[in-house]
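In the UniProt record's numbering, the protein residues as written are 1 to 1069.
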């Protein structure tokens, strides 16, 4: 006979008949399949065993103890009724006098606050879901009454004999469950249950799965009972609608699985173990809990709900997405959840702290945008297939496949996150970026061992310390910059960095440790530690190689740098402007592919090059104010330059085992330097320079045989001697300047200087031997060498550019020896004692030749010179008395004589061609000028203030291309133009006191004006053959001139200011 229900005053409590086949009306725990089986899990997860929960309790509003009918079962003492152990015609079920299998009331007791899957008890806090069965109205209660009558009628109709068919109650419940008594009478029952998990579909649709069977055998002294049960692995047939009574009533029959759940949540949902489809949350729900549910095959959707809290409890698997967008959630407990097959969307909520707990896999993105997050813990998370979205836009991809993060993680600027914990994430194959997060105080990298991109920590104003923890490999870079409060960072676990390591502008960072790796650490590009004002120590530990450069720059308080096991640096090692660094030791470094740069370290006193044997670039040591010595020790080869400059206290420099320097070898501006040891160097690829060593007395180049460019020795005030040792070749030039104590230089062994020789301002230099040098492709300049008395160019045969002898006050003679050509010009200037110049074999000068201010020079003989490619100039040579043009036939430029006070006459000899003008200015003794063989002057001809000039013979000159001017030549009495036919400019005579007559001779045309001004004695003018004057003819202030016969020439007009008689002249102006 079926147990029946009663209810009181339409609002009372009702007890419901156990509807499932095989359900025991007893107080034992149910043994139905939904109580015994765990939900199916993904194949890569371990199955989870669940304890058998007690009978489901669904609580209502009214009394639990009124009007209970006992129709074939014994009531629990919980209802204060008497026990009844009679066997009833109850479908083979036997009452055992224990707690009923299913109780239904309106609301839970106040003291019940949680639902524990292991105990099967629901706990309050489920929000509105607990009250969804509270008031069904009169229609619902009428329906119950009718249903109740039908159930009793059916129960009465069952033959009593079925109750004695050998079946006994076994305490099991659930759809399709049955128990069979094998014939033994059970007087004492001991129950044991074993849960077996059968695979279930993880999709959102219903599927049929073969049940798994568990058999338990219990033996006592009086009887043996064998029980066969079926797990909750069958195909669900219904969707649970928590807003629909009929749907809920159906699930009260003991169903443990649903196709889907809508309008969640309610007590019937909490009692489920499995939902093969999706769960949709009611908009009014405030708290989402999952009770006994361990498996959801589809989505969990609660968009725009009233949810405040979420507790996933025993739920381990969600096959679809978890979408709780735009609700009011402040707290999320991920409980046992390990897998979400699609998106996790918690955006636009009120969550301040997230810990993903045991959640290991998310098939798509995680979206936590627009939450006031201050703490973020990734927990066990290690598989994320999509993006981690933080704010109003997707700021990073945080993808994971096969247990490793494969995209990027970016904490957006100005995020409220204070603490960040990566939990069990083991690998990030993209970037980890933390930029400008003013609230971020700590980062725990958890279990991360590798990062495929770059780790960036930039301008995080509250970050004080961080430890990269287990991170061993970073394929990109490590950038830590502008973190003002960061005091320490430990990256000692790093074994490999594919790109660079940068620590820059971290004002309070005091120490950096890069090297505890037992296997050695490699850096693919560079290590740059710069502008960390409080940094005192750096330990590279077990870093063994750096692919590019290492730079320590402007770390104002850095006192210790340990390069540890570093053996190879592919590019540079730089120590720049570290004001407190006292010493540098390169330790185990054997090879530096680039430059070693030690610059501006104010307290540096010593440098130890350690094991370095090869430097592919340069060695640069400069502006280290307290450095006293440099010893290159075991370095053998330098691929760039050696530059030692501006080290004020540096006393000695030794180049040790270096055999060659490919670039410049420069020791400059080291004021205290007293010695340089060039050691084993045999070749310098570029320039060799020693300068600004005020205290060095001697230099010996020892084994150096070749210098690819120039040798520069200058501004060494106390340098008295230089030995070139084995030097045979200098590629560009030899330059000695401002070595005031240097007395002699002997270049005898040097065979070639390909560019230049310059000795400038070596005031004590008395002897210069150019020895075997045969050619100078550029220039020779000797200037301000006051003690030098003679210059012998030795074996030089050609000079490609110029020869300049300037201000060598003691030089008396210059011998050009074997030089045959000079490619540009020759200059003799300010040779106070220069008396003799021998041009020797010189035949061609492509440029000009000038003699300026050589006070003792008396004569110049151009010897074999045939051509002067530019101008020829004599200026202010007071003692000059004779000039012999020798073999010169052509002067391509001007010829000028000025202020040569002793010069009495000039004869151009064989000169036939002048390319420019000819001028004679301000000579006290010049009496005569003979143009000789010159046939034309393309420029002007001028005689100015030559007070002794009496005779001018234009010789063979036929054409003057410019003007002919005579000015203030007071001794000149007459002038004839000889063979000149054409004057291309004007003709003028101005201020001559003795000039009495002028004869234009054979001139036929004057292109410009003809002017006679202030010639007091001029009485006669003969225009001769002049036929045309292109301009005016002017007569002014010529006191002795009374008449002029123009001979019929034509002109623009005559300006007759003197009022003289004009005969055959053009009209007056």
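The C-beta atom is built at its ideal place from N, Cα and C for all residues, glycine as well.
Asked                                                                                                                        : Found
Cβ neighbours of residue 629 in the same chain (closer than 6 Å, five flanking residues each side left out)                  : 652
Which listed residue (705, 1020 and 956) has its alpha carbon closest to that of residue 910                                 : 956
Residue 434 and residue 443 closer than 9 Å at C-beta                                                                        : yes
Contact under 9 Å by Cβ, residue 884 with residue 899                                                                        : no
Presumed contact (8 Å Cβ cut-off) between residue 499 and residue 476, rounded CB distance                                   : 5 Å
As assigned by DSSP and simplified to three states, the class of residue 248                                                 : helix
Neighbourhood of residue 376 by C-beta distance below 6 Å, restricted to the same chain and skipping five residues each side : 354, 417 and 420
Residue 300 versus residue 335 - alpha carbon distance                                                                       : 15 Å
Inter-residue spacing [alpha-carbon to alpha-carbon] between residue 995 and residue 915                                     : 30 Å
9 Å Cβ cutoff met for residue 302 and residue 333                                                                            : no
Residues that residue 1073 bridges to, as DSSP identifies them                                                               : Given that the chain is displayed from residue 1 to residue 1069, the structure contains no residue 1073 and the question cannot be resolved.
Beta-carbon proximity of residue 933 to residue 896, cut-off 9 Å                                                             : no
Spatial neighbours of residue 279 in its chain, beta-carbon cut-off 6 Å, leaving aside the 5 residues before and after       : 261, 264, 296 and 300
Rounded straight-line distance, which links the Cα of residue 837 to that of residue 853                                     : 14 Å
Neighbour-count burial assignment, residue 1071, 16 or more Cβ in a 10 Å radius                                              : For residue 1071 there is no data in the structure shown, the boundaries of the chain being 1 and 1069.
Straight-line Cα distance separating residue 737 from residue 730                                                            : 17 Å
For residue 871, the three-state DSSP class (helix, strand or coil)                                                          : coil
Inter-residue spacing [alpha-carbon to alpha-carbon] between residue 869 and residue 821                                     : 11 Å
Presumed contact (8 Å Cβ cut-off) between residue 349 and residue 329, rounded CB distance                                   : 4 Å
C-beta contact flag for residue 745 and residue 767 at 9 Å                                                                   : yes
Cutoff 6 Å; reference residue 581; Cβ partners in own chain excluding five residues on either side                           : 558, 601 and 604
CA-to-CA distance, residue 998 to residue 1004, given in whole angstroms                                                     : 15 Å
From 950, 785 and 793, residue whose alpha carbon lies closest to that of residue 779                                        : 793
Short CB-CB distance (under 9 Å) between residue 700 and chain C                                                             : Considering every chain present, this structure includes no chain C. It has just one protein chain.
Separation of residue 324 from residue 274, as counted between CA atoms                                                      : 20 Å
Where the alpha helix (DSSP H) through residue 269 begins and ends                                                           : 267–271
Inter-residue Cα distance where the pair is residue 938 and residue 866                                                      : 20 Å
Residue 701, DSSP secondary structure in three states                                                                        : coil
Which residues DSSP lists as bridging residue 1013, in chain order                                                           : 990 and 1036
Buried or exposed by the 16-neighbour rule on C-beta atoms within 10 Å, applied to residue 1065                              : buried
Cβ-based burial, residue 1045 [other Cβ within 10 Å; buried from 16]                                                         : exposed
From 243, 272 and 286, residue whose alpha carbon lies closest to that of residue 293                                        : 272
Residue 942 - containing beta strand (DSSP E), residue span                                                                  : 941–946
Closest Cα partner of residue 451 within the set 290, 474, 466 and 862                                                       : 474
C-beta atoms of residue 986 and residue 959 nearer than 9 Å                                                                  : no
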